[in-house]
Amino acid sequence: YYNQIEVISGIAIQKRFHGNVIYSLDTYQQKRFEYEYDGFRFYCFLDGYQEDDDTIRVFEVKATTSKKFIDMHYKNDDKEKMSLFEYSPQGILMLQEDLLGDTSGEYQKKIEKLKNRLSKEGRYVYDISYQRYVMENALKTNKKVKYYLVVLNSEYIHEGLYNEKNEPIYGDDLVTLIDVTSLTKKMMPIVDHDIEIVLQRLNTLSANPVDLGIHCQRKDSRQCKFFPICYKDIPEKNSLFTYMGGHNGFKDDDGVKHDRFDLINEGYLNATDIPFSWLKRQNNIIQREVIESGIPFYHYEKIRAGIAALKYPIYHLDFETFPCPLPRFKGEKPYSQSLFQYSIHVEH
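Our numbering applies: residue 846 is where the sequence shown begins, and numbers increase by one.
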């Protein structure tokens, strides 16, 4: 499905912009740029590249949906809730500042979130920003260069059309273009700084321990390859990560809030390492008591209330779904929970 998204995006780009369009599932058939700096070569392969007489357009395809960006809001100076992105007359998602020139209120705070490569939206922006960095150093042109993220349209509904091979037929509006040209320009100092850090580390090759943090991207698809080494001293069972809501931190007896990673870097590895009095959340208190006593916790009143609320016959419905990136059946949207198996048992 993910490969198919790239192909569908390439076809949609071809229809919208015409000109010379290059896209391929084979990385080595994609448009490639490279430049050398300080003895190292930096290169990028582009999911989509289009060029005409006046403009070069770069496309980075992501298997996420437009909802992630449409749902980003900020409050303007009048405390009104505003969308960070709006559709242009051409149907392209654009930042408010590029479309309407509005940067009031909390707008810049949201932009900073987009510039953070560790945020769920910022990771996509960072990828195409790196491509811009390489291109600006490798390509000398007088043409205008535009940069776009290509994502699935969260509002697209499959009409239920299929070809002779029983494969779904999708409209061009299955994908949404997001113009991030101005945003990637703001990212250039950040990428340049990160490049210098990478070069410094390559030149020194230090194996000294580093502080743990959100940059490790724990339990993420982009989790650091050195995670098993850096986290080897953290117990698999009943570590500080065990506490529910631990990402919100812990307040000490003076009311000072301590970040979970700061505590781990200071040696608080086990759940029992932090003082009991620092646990302010009821769930954490229950967890600590269970860990220390070894006695399971049961909320008998809730269990009795739940049983008392049961009315016969009871229907036991079991089903399996698949959040398919591309809608498979009529009426589905991208990432709809597509049902493929179910059973029901009746208890009298």
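Idealized CB from N, CA, C, for every residue including glycine.
Exercise. For Gly893, which of helix, strand or coil comes out of DSSP?
Worked result: Counting from one through the sequence shown, the residue named residue 893 turns up at place 48. Strand, per DSSP.
Exercise. Can you tell me whether DSSP reads Leu1057 as helix, strand or coil?
Worked result: Here residue 1057 refers to the residue found at position 212 when the sequence shown is read from its first residue. In this structure, Leu1057 counts as coil in the three-state DSSP scheme.
For this session: Give the DSSP bridge partners of Val906, in chain order.
Result: Here residue 906 is taken as the residue at index 61 of the sequence shown, counted from 1. Looking at the DSSP output, Val906 sits in a beta bridge with Val995.
Problem set entry | Per-residue DSSP class, three states only, for Phe1209 | This structure does not reach residue 1209, given that the chain is present from 846 up to 1193, and the question cannot be answered.
Exercise. In this structure, does DSSP put Arg886 in helix, strand or coil?
Worked result: Against the sequence shown, residue 886 aligns to sequence position 41. Under the three-state reduction of DSSP, Arg886 is assigned to strand.
Problem set entry | Contact check, Lys991 vs Thr1026, beta carbons under 9 Å | Position 146 of the sequence shown, counted from the start, is the residue given in the question as residue 991. Position 181 of the sequence shown, counted from the start, is the residue given in the question as residue 1026. Cβ atoms of Lys991 and Thr1026: closer than 9 Å.
For this session: Using beta-carbon positions only, say whether His1003 and Lys1178 come within less than 9 Å of one another.
Result: As a first step, residue 1003 is located in the sequence shown; it is residue number 158 there, counting from the start. As a first step, residue 1178 is located in the sequence shown; it is residue number 333 there, counting from the start. For the pair His1003 and Lys1178, the CB atoms are nearer than the 9 Å cut-off.
Exercise. With 16 as the cutoff for other CB atoms within 10 Å, does Lys1220 come out buried or exposed?
Worked result: Here the chain covers residues 846 to 1193 and nothing more, so residue 1220 does not appear.
Exercise. Quick one: is Tyr969 buried, meaning 16 or more other Cβ sit within 10 Å of its Cβ, or exposed?
Worked result: On the sequence shown, residue 969 is found 124 positions in, with the first residue counted as 1. Tyr969 is buried by the Cβ-count criterion.
Exercise. If you draw a straight line from the alpha carbon of Ile1131 to that of Thr909, how long is it in whole angstroms?
Worked result: As a first step, residue 1131 must be located in the sequence shown, where it is residue number 286. As a first step, residue 909 must be located in the sequence shown, where it is residue number 64. Between Ile1131 and Thr909, the C-alpha separation is close to 38 Å.
Exercise. In this structure, what does DSSP give as the bridge partners for Asn1083?
Worked result: Translated into the one-based positions of the sequence shown, residue 1083 becomes position 238. Under DSSP, no beta-bridge partner is assigned to Asn1083.
Problem set entry | Backbone secondary structure at Phe1142 - three-state DSSP | Locating residue 1142 in the sequence shown gives position 297, where the first residue counts as 1. Secondary structure of Phe1142 (DSSP, three-state): coil.
Problem set entry | Cut-off 6 Å between Cβ atoms - residues of its own chain near Gln1182, not counting five sequence neighbours on either side | Walking along the sequence shown from the start, residue 1182 turns up at place 337. Within the same chain, Gln1182 has close Cβ partners Thr1166 and Pro1168.
For this session: Could you name the residues that DSSP lists as bridge partners for Phe930?
Result: Translated into positions along the sequence shown, residue 930 becomes position 85. For Phe930, which the question treats as bridged, DSSP gives the partners Leu940.
For this session: Just mark Ser854 as buried or exposed, buried being the case when its beta carbon has 16 or more other beta carbons within 10 Å.
Result: For the purposes of this step, residue 854 is identified with residue 9 of the sequence shown, where counting begins at 1. It counts as buried.
Exercise. Looking only at its own chain, which residues have a Cβ that is under 8 Å from the Cβ of Gly1090, when we skip the five neighbours before and after it?
Worked result: As a first step, residue 1090 must be located in the sequence shown, where it is residue number 245. Closer than 8 Å at Cβ, skipping near neighbours: Arg1126, Asn1128 and Asn1129.
Exercise. Shorter than 9 Å from the beta carbon of Asp897 to some beta carbon of chain D?
Worked result: Among the protein chains of the structure shown there is no chain D, as only one such chain exists.
Problem set entry | Range covered by the alpha helix (DSSP H) that runs through Leu959 | For this step, residue 959 is matched to residue 114 along the sequence shown. It spans Tyr952 to Leu959 - the alpha helix (DSSP H) in which Leu959 sits, taken as one unbroken run.
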